[in-house]
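In this note's numbering, the protein residues as written are 32 to 123.
Heads up, the beta-carbon is just placed ideally off N, CA and C, and yes, glycines get one too.
Predicted, not measured: the structure shown is a model, and the values here were computed from it.
The next block holds one structure in the form of structure tokens; read it before the comments.
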């Protein structure tokens with residue numbers, strides 16, 4: 032049985048999903064036994080790829096879905112959603 036989890040979040044930091052934020056998200060996605068994707072509109076990208084994340088050009092206020100499949104899907108989605116909610120640990 033495949034575990035799947037999904038959560039809709041809003042990019043809240045001033046600079047959006049820029050290089051440093053994308054790197055944090057990609058590194059975090061590698062920590063779980065799950066395939067994590069980010070969905071924005073019709074685009075779906077691998078969350079473990081910084082380049083793919085940057086191609087989304089997700090600015091402040093963009094709504095994205097964090098989707099994961101695998102044994103640790105729920106934990107992966109929760110951790111990534113928390114990182115995004117915390118503005119990638121940036122001041123703004």
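- Taking the CA atoms as reference points, residue 34 sits about 9 Å from residue 65.
- Apart from sequence neighbours up to five positions away, the residues of its chain that approach residue 112 with a beta-carbon distance below 6 Å are 38, 40 and 97, ordered along the chain.
- DSSP, read as helix, strand or coil, puts residue 54 in helix.
- Residue 62 is a Cβ neighbour of residue 110, given a cutoff of 9 Å.
- Put simply, of 70, 46, 47 and 43 the residue whose alpha carbon is nearest the alpha carbon of residue 108 is 70.
- The C-alpha of residue 102 is placed about 23 Å away from the C-alpha of residue 53.
- Within the model, the alpha-carbon separation for residue 114 versus residue 100 is close to 19 Å.
- Apart from sequence neighbours up to five positions away, the residues of its chain that approach residue 59 with a beta-carbon distance below 7 Å are 110, 111 and 114, ordered along the chain.
- Within the same chain, and ignoring the five residues on either side of residue 94 in sequence, the residues whose Cβ sits closer than 7 Å to its Cβ are 39 and 41.
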